[in-house]
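For reference, the structure is listed below as structure tokens.
There are 2 protein chains.
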Amino acid sequence: MPPVALEGAARSTARRPSDRRTGRGQATCERLRRVAACLFVARGYAGVSLDEIVQAAGGSKTNIYAFYGGKEGLFVAAIEDALGEVLRPLTGADTRGLALEEGLTRLGRALLDALLTPEALALHRTLIGETGRFPRLGAAWYAAGPATSQRVLARFIAEAGGQGAEEAGGREAARLARLFHDMVAGDLQHRALFQSQPASADERADAVAAAVRALTAVMARGG
Amino acid sequence: MPPVALEGAARSTARRPSDRRTGRGQATCERLRRVAACLFVARGYAGVSLDEIVQAAGGSKTNIYAFYGGKEGLFVAAIEDALGEVLRPLTGADTRGLALEEGLTRLGRALLDALLTPEALALHRTLIGETGRFPRLGAAWYAAGPATSQRVLARFIAEAGGQGAEEAGGREAARLARLFHDMVAGDLQHRALFQSQPASADERADAVAAAVRALTAVMARGG
DNA sequence: CATGAATGATACTACCTGGTATCATTTCAT
DNA sequence: ATGAAATGATACCAGGTAGTATCATTCATG
Numbered sequence: 015m016p017p018v019a020l021e022g023a024a025r026s027t028a029r030r031p032s033d034r035r036t037g038r039g040q041a042t043c044e045r046l047r048r049v050a051a052c053l054f055v056a057r058g059y060a061g062v063s064l065d066e067i068v069q070a071a072g073g074s075k076t077n078i079y080a081f082y083g084g085k086e087g088l089f090v091a092a093i094e095d096a097l098g099e100v101l102r103p104l105t106g107a108d109t110r111g112l113a114l115e116e117g118l119t120r121l122g123r124a125l126l127d128a129l130l131t132p133e134a135l136a137l138h139r140t141l142i143g144e145t146g147r148f149p150r151l152g153a154a155w156y157a158a159g160p161a162t163s164q165r166v167l168a169r170f171i172a173e174a175g176g177q178g179a180e181e182a183g184g185r186e187a188a189r190l191a192r193l194f195h196d197m198v199a200g201d202l203q204h205r206a207l208f209q210s211q212p213a214s215a216d217e218r219a220d221a222v223a224a225a226v227r228a229l230t231a232v233m234a235r236g237g
Numbered sequence: 015m016p017p018v019a020l021e022g023a024a025r026s027t028a029r030r031p032s033d034r035r036t037g038r039g040q041a042t043c044e045r046l047r048r049v050a051a052c053l054f055v056a057r058g059y060a061g062v063s064l065d066e067i068v069q070a071a072g073g074s075k076t077n078i079y080a081f082y083g084g085k086e087g088l089f090v091a092a093i094e095d096a097l098g099e100v101l102r103p104l105t106g107a108d109t110r111g112l113a114l115e116e117g118l119t120r121l122g123r124a125l126l127d128a129l130l131t132p133e134a135l136a137l138h139r140t141l142i143g144e145t146g147r148f149p150r151l152g153a154a155w156y157a158a159g160p161a162t163s164q165r166v167l168a169r170f171i172a173e174a175g176g177q178g179a180e181e182a183g184g185r186e187a188a189r190l191a192r193l194f195h196d197m198v199a200g201d202l203q204h205r206a207l208f209q210s211q212p213a214s215a216d217e218r219a220d221a222v223a224a225a226v227r228a229l230t231a232v233m234a235r236g237g
């Protein structure tokens, strides 16, 4: 999946003196975005100052205002960059030809591993706090996160789902995917976000196993 | 459920010139906390200044430092106040004697109605952003939120749960409660938090119905 | 190589905010 | 009633930050 596009909003306020940009300029532009992403994700929008970003990345505030139009533009561009990375392991998982339970287990573990990464959790925290100021980012996060996960899961369920799933078409697979997604991620994600308890590998495996059993039960009985 | 106690941490930095407090003092102390709760919940810790709180609530910054020790103390006290209110409708729901599906439906709707309240969503957003600075508040939120919901659900499931549930004791009921909780709340809460789409009454009813069907399927088949 | 634009370093400006100090006013116990 | 303590209003301080301006330096292109 390509990174979600926010071009219009992000760049609208940016003053582009011209499109002739030096190679050096291009490089610092990207360096600023990368460094800003790390800092913003780790400490939130208000917790990072432009001076700090510049000091860590090189270049100068001149670049930030020329390229991104200001702090908000840089924030949007930086977060936008970071979004695509979060679910990489899930979207990259190969489940072709696997049996239902085996594939669900593999996808569930990949999902948990992706969601409970320190980076994913930090991004989640940062984003949720700024959804009011940057609604587009919130929508982009949902699209890149839960929506993407559910799509991947639904595709596999529709393929491997035997009896009940294919009858009602993709609609039913999507519903099952959402249930599975929430059963796998819900509680462990909450605990990680609020209690700072990382959830051991055993707990993750248990959660996935429980969700797999539950989903197969639902499918067998026509939930 | 009593409001979660954070006395030690919250008040530790507060300078109490003495315990003789005027009636007027007591009143403004509470007024400050109430007003601060509204503002903090709506706009986050960094988004509200002490001057603004004082201007809205009356009194003066002197009170804040005398009663709460500073901005952080006031924040903790204010959020602590707000926590108890969130799940009131769920903990107050009466499901005695109801059949399994009927009770689950009622509890599920109460849960969604509580979680998707604008105030609950705002509180969620504010808290998640400040979990790093105030870990105790994050834990308190989990205890007052998901943990409490799951306990209420588990109790009902253990009572009404017929065949499978009581065999394995409360352990199994707790597992089922967690699955149900996550199936009901997971996706709609995510969408509300990130997409600012409030989820219509129909969507809520559908989500609850799907979760109820799924849980009964799991219980019938021994998930 | 020369020139003008792009970039970098830096200083500066408003502005805001948490926290403290000051002093007038109110409250309450005696 | 009265005086000490609590409270309120206000001004002030120190620190920090987004954004702008300035000017030297570097780059790309003819």
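Chains A and B, in that order, are what the protein sequence lines are. Per our numbering, residue 15 is the first one in the first sequence, and the count goes up by one each step. Per our numbering, residue 15 is the first one in the second sequence, and the count goes up by one each step. The C-beta atom is built at its ideal place from N, Cα and C for all residues, glycine as well. None of these values were measured; they are calculated from a predicted model.
C-alpha gap between residue i and residue j, whole angstroms
| i | j | result |
| --- | --- | --- |
| G117 of chain A | Q164 of chain B | 29 Å |
| D108 of chain B | L121 of chain B | 9 Å |
| T131 of chain A | I142 of chain B | 16 Å |
| D127 of chain A | E115 of chain A | 18 Å |
| Q203 of chain B | L137 of chain A | 18 Å |
| E133 of chain A | Q209 of chain A | 16 Å |
| R57 of chain A | T140 of chain A | 7 Å |
| L112 of chain B | G159 of chain B | 24 Å |
| G61 of chain B | L151 of chain B | 18 Å |
| A179 of chain A | R185 of chain A | Since pLDDT at A179 of chain A reaches only 48, below the 50 mark, its modelled position is unreliable, and the value read off the structure follows with that caveat. Near 9 Å, if we compare the C-alpha coordinates of R185 of chain A and A179 of chain A. |
| R110 of chain B | F148 of chain B | 38 Å |
| I78 of chain A | V90 of chain A | 12 Å |
| L125 of chain B | L125 of chain A | 25 Å |
| R29 of chain A | G37 of chain A | Residue placement at R29 of chain A cannot be trusted, given a pLDDT of 38 that sits under 50; the coordinates are not used to answer. |
| M233 of chain A | L135 of chain B | 32 Å |
| A215 of chain B | C43 of chain A | 46 Å |
| G73 of chain B | E99 of chain B | 25 Å |
| E86 of chain B | A154 of chain B | 16 Å |
| D220 of chain A | A213 of chain B | 31 Å |
| Y82 of chain B | A41 of chain A | 48 Å |
| G39 of chain A | G39 of chain B | 59 Å |
CB contact flag (residue i, residue j, <8 Å)
| i | j | result |
| --- | --- | --- |
| M197 of chain B | A228 of chain B | yes |
| R102 of chain A | R218 of chain A | no |
| L88 of chain A | L46 of chain A | yes |
| R189 of chain B | A224 of chain A | yes |
| G200 of chain B | G200 of chain A | yes |
Expected contact under 8 Å - CB spacing of residue i and residue j to nearest Å
| i | j | result |
| --- | --- | --- |
| V226 of chain B | T119 of chain B | 5 Å |
| A231 of chain A | R192 of chain B | 15 Å between Cβ atoms; not a contact. |
| A80 of chain A | F54 of chain A | Actually they are not in contact, since the Cβ atoms of A80 of chain A and F54 of chain A sit about 19 Å apart, beyond 8 Å. |
Residue i, DSSP secondary structure in three states
| i | result |
| --- | --- |
| H138 of chain A | helix |
| D108 of chain B | coil |
| P212 of chain A | coil |
| Y59 of chain B | coil |
| F54 of chain B | helix |
| T145 of chain A | coil |
| A113 of chain A | coil |
| S74 of chain A | coil |
| T131 of chain A | coil |
| R120 of chain B | helix |
| L20 of chain B | Note on L20 of chain B: pLDDT 35, under 50, position unreliable in the model; the coordinate value appears next. Looking at L20 of chain B - three-state DSSP - the assignment turns out to be coil, as it is neither helix nor strand. |
| R35 of chain B | coil |
| G98 of chain B | helix |
| G175 of chain B | coil |
| G83 of chain B | coil |
Residues near residue i in its chain [Cβ-Cβ closer than 8 Å; skip 5 each side]
| i | result |
| --- | --- |
| R169 of chain A | A187 |
| K75 of chain B | L64, D65, V68 |
| D95 of chain A | P17, R47, R48, A51 |
| Q211 of chain A | R205 |
| L207 of chain A | L135, H138, R139 |
| R35 of chain B | C43 |
Proximal residues to residue i (C-beta, below 7 Å), its chain only, five neighbours per side dropped
| i | result |
| --- | --- |
| V49 of chain B | I67, A70, A71 |
| A19 of chain B | Residue placement at A19 of chain B is flagged as unreliable, the pLDDT there being 36, under the threshold of 50; the coordinate-derived value follows with that caveat. So no residue of the chain qualifies. |
| V222 of chain A | T119, G122, R123, L126, V198 |
| L167 of chain B | L121, A191, F194, H195 |
| A174 of chain A | L112, A113, L114, G117 |
Own chain partners of residue i with C-beta closer than 6 Å, once the 5 adjacent residues on each side are dropped
| i | result |
| --- | --- |
| Y59 of chain A | F89, E144 |
| I171 of chain A | A179, A187, L190, A191 |
| L129 of chain A | A199, Q203 |
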